[in-house]
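According to UniProt numbering, the sequence shown holds residues 1 to 376 in order.
Where a beta carbon is used, it is the ideal one built from N, C-alpha and C, also for glycine.
These notes are about the structure you will find just below.
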Amino acid sequence: MAACAAACRSRSPTPRVAAAAPRAAWSASRYSSRQRGLRKFNIIFFPAGAKPTRTVATLSHFAEVFIYETEHHNGIAELLEILGSIINGFALPLKEEHKMFLLRVLLPLHKAKSLSVYHPQLAYCVVQFLEKDPSLTEPVVRALLKYWPKTHSPKEVMFLNGLEEVLDVVEPAEFQKVMQPLFRQLAQCVSSPHFQVAERALYYWNNEYIMSLISDNAAVILPIMFPALYRNTKSHWNKTIHGLVYNALKVFMEMNQKLFDECTQQYKQEKHKERERQHQREELWRRLEQQATCSPALPPARPAPPSPPPADDRALTHHTIEQEAQQLRKGGYNSKPAPLLRKKSELPADSVTVKALSDHKRADPYLPTPPDVNNC
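Below you can see the structure in the form of structure tokens.
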């Protein structure tokens with residue numbers, strides 16, 4: 001902290017002294033030490049009127065080392081907090097180097113394993129850029145989709161939180177450029193077996209501004225989202241998701257009844273074609289099995305796989321959606337997720353194991369144990 005103290009004592013710190021201050025500010029591993037360094041850093045740069053370009057270049061160096069080399073840093077959250085204040089003061093139009101800083105430094109921070117430590121500060125910095133230059137919406141959204149986690153559900157929930165903050169400030173014209181890949185990803189999140197991911201994605205339908213964007217582009221968004229919503233009306237294991245799915249379907253139906261009916265018919269036609277292809281495959285395997293049984297040189301054929309369950313061809317209308325939603329409410333549906341409980345696994349009973357346990361006899365009479373040992 002000597003560098004920070006030296007810079008604080010100087011009324012006009014030199015570039016060399018000022019450049020050494022950030023390194024000293026975040027070299028400490030303790031949170032309290034980093035907070036003191038953060039206050040000293042603010043005293044150094046902001047009242048002294050240091051140039052933002054030099055400050056951003058110095059701080060971006062630490063972020064680049066964290067992203068591309070070590071993936072370990074003690075003060076990334078505090079660093080992003082300072083960057084948020086600096087970005088808020090950027091003059092318009094934004095310089096090209098500031099845009100490159102967003103694309104090459106801030107957005108790659110989403111792929112780090114320790115994202116949960118600094119995600120609120122990072123989301124704030126990204127939103128500040130979009131408020132100053134809406135044309136950055138497309139590269140920002142495509143970068144988020146590029147770094148979207150595949151197997152880390154808590155991180156996926158964080159991405160959904162950050163994406164909603166981005167959509168809250170997006171312009172309608174910029175939204176149209178990214179709505180197709182964006183809602184394809186949201187459809188995957190709605191279909192996720194992890195109920196928190198599906199729940200967080202379905203909460204987008206409670207955001208009034210996002211719903212206004214969806215309403216203006218329903219002809220493009222509804223065909224993308226409809227299959228995922230339709231499948232989850234019965235197939236998802238969580239009842240909370242059922243209620244949220246029916247809410248989303250009801251909103252879509254109220255937006256455009258004609259388009260909703262067209263999507264329903266198109267989905268049923270696709271499922272009918274899929275069943276026909278499945279039937280053709282089963283018929284082909286049946287003929288191959290018959291040929292195999294007629295040939296004595298071949299080993300006996302294995303049993304055919306079971307047929308898929310019958311498809312759900314019920315018609316989705318406003319009445320059926322309301323009826324299903326009322327049944328969920330009567331059955332104890334609650335919009336708030338229930339606390340997670342750990343249940344014991346129910347293993348199938350093995351007849352051989354059960355018979356062996358029942359036939360087992362203790363060998364106590366044959367053991368040379370003194371009679372008074374058990375009485376000790």
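{"Asked": "For the ligand SAH, I want to know if P139 counts as a neighbour, meaning its beta carbon is within less than 7 Å of at least one of the ligand's heavy atoms.", "Found": "With respect to the ligand SAH, the structure shown offers nothing to examine, as it has no ligands at all."}
{"Asked": "What residue range is occupied by the uninterrupted alpha helix (DSSP H) comprising P261?", "Found": "Looking at the sequence provided, one finds Asp at residue 261 rather than Pro. D261 -> alpha helix (DSSP H) spans 257-294."}
{"Asked": "Under 8 Å between the Cβ atoms of L202 and V190?", "Found": "yes"}
{"Asked": "Check the C-beta distance from Y118 over to I76 and give it rounded, since I have them as a contact under 8 Å.", "Found": "5 Å"}
{"Asked": "Can you tell which of A143, N207, R184 has its C-alpha closest to the C-alpha of L167?", "Found": "N207"}
{"Asked": "Once DSSP output is grouped into helix, strand and coil, what is the label at A19?", "Found": "With a pLDDT of 48 at A19, under the threshold of 50, the modelled position of this residue cannot be trusted, and the question is left open."}
{"Asked": "With a threshold of 16 other CB atoms inside 10 Å of the CB of H72, please say whether the residue is buried or exposed.", "Found": "exposed"}
{"Asked": "What do you reckon, are the CB atoms on G89 and Q121 nearer than 8 Å?", "Found": "no"}
{"Asked": "Do you know whose CA, among V170, K355, H242, lies nearest Q327's CA?", "Found": "H242"}
{"Asked": "Here's the rule: buried if 16 or more other CB atoms are within 10 angstroms of the residue's CB, otherwise exposed. What is H360?", "Found": "exposed"}
{"Asked": "Taking the alpha-carbon positions, what's the V56 to I86 distance?", "Found": "8 Å"}
{"Asked": "Where does A91 fall in DSSP's three states?", "Found": "coil"}
{"Asked": "Do the region 286-294 and the region 240-256 make contact, defined as three or more Cβ pairs closer than 8 Å?", "Found": "no"}
{"Asked": "Measuring alpha carbon to alpha carbon, tell me which of V140, E131, Q185 ends up nearest P149.", "Found": "Q185"}
{"Asked": "In three-state terms, what does DSSP make of N74?", "Found": "coil"}
{"Asked": "Quick one, are the C-beta atoms of L107 and A143 less than 8 Å apart?", "Found": "yes"}
{"Asked": "Is it buried or exposed for Y68, if we count other Cβ within 10 angstroms and need 16 for buried?", "Found": "exposed"}
{"Asked": "In or out: S192 buried (at least 16 other Cβ within 10 Å) or exposed?", "Found": "buried"}
{"Asked": "Do V105 and E138 have their C-beta atoms closer together than 8 Å?", "Found": "no"}
{"Asked": "Taking DSSP as the reference, what is the three-state secondary structure of P193?", "Found": "coil"}
{"Asked": "In terms of residues, what are the limits of the alpha helix (DSSP H) holding Y203?", "Found": "No alpha helix (DSSP H) contains Y203, which DSSP labels as neither H nor E."}
{"Asked": "According to DSSP, simplified to helix, strand and coil, what is A143?", "Found": "helix"}
{"Asked": "How many Å lie between R200 and P93 at the Cα?", "Found": "35 Å"}
{"Asked": "Tell me the DSSP secondary structure of R184 in three-state form.", "Found": "helix"}
{"Asked": "Below 8 Å between beta carbons: does that hold for A198 and H152?", "Found": "no"}
{"Asked": "Please report how far the alpha carbon of S60 lies from the alpha carbon of F101, in whole angstroms.", "Found": "8 Å"}
{"Asked": "Using 8 Å as the threshold, is the C-beta distance between E165 and V140 below it?", "Found": "no"}
{"Asked": "May I have the straight-line CA-CA distance separating F62 from Q180, to the nearest angstrom?", "Found": "35 Å"}
{"Asked": "Mapping DSSP to helix, strand and coil, what is S114?", "Found": "coil"}
{"Asked": "By Cβ distance, which residues of its chain are closer than 6 Å to M255, with the 5 residues on each side in sequence left out?", "Found": "S215, A218"}
{"Asked": "Hey, would you say W205 sits closer than 8 Å to N247, going by beta carbons?", "Found": "yes"}
{"Asked": "If I follow the unbroken alpha helix (DSSP H) through H98, where does it start and stop?", "Found": "96-101"}
{"Asked": "How long is the line joining the alpha carbons of E131 and E283, rounded to whole angstroms?", "Found": "59 Å"}
{"Asked": "I believe L136 touches K99 by the beta-carbon criterion, under 8 Å. Please report the beta-carbon distance rounded to the nearest angstrom.", "Found": "7 Å"}
{"Asked": "With 8 Å as the threshold, decide whether the Cβ of V140 is near any Cβ in chain B.", "Found": "Among the protein chains of the structure shown there is no chain B, as only one such chain exists."}
{"Asked": "Over what stretch of residues does the alpha helix (DSSP H) that includes Y230 continue unbroken?", "Found": "218-232"}
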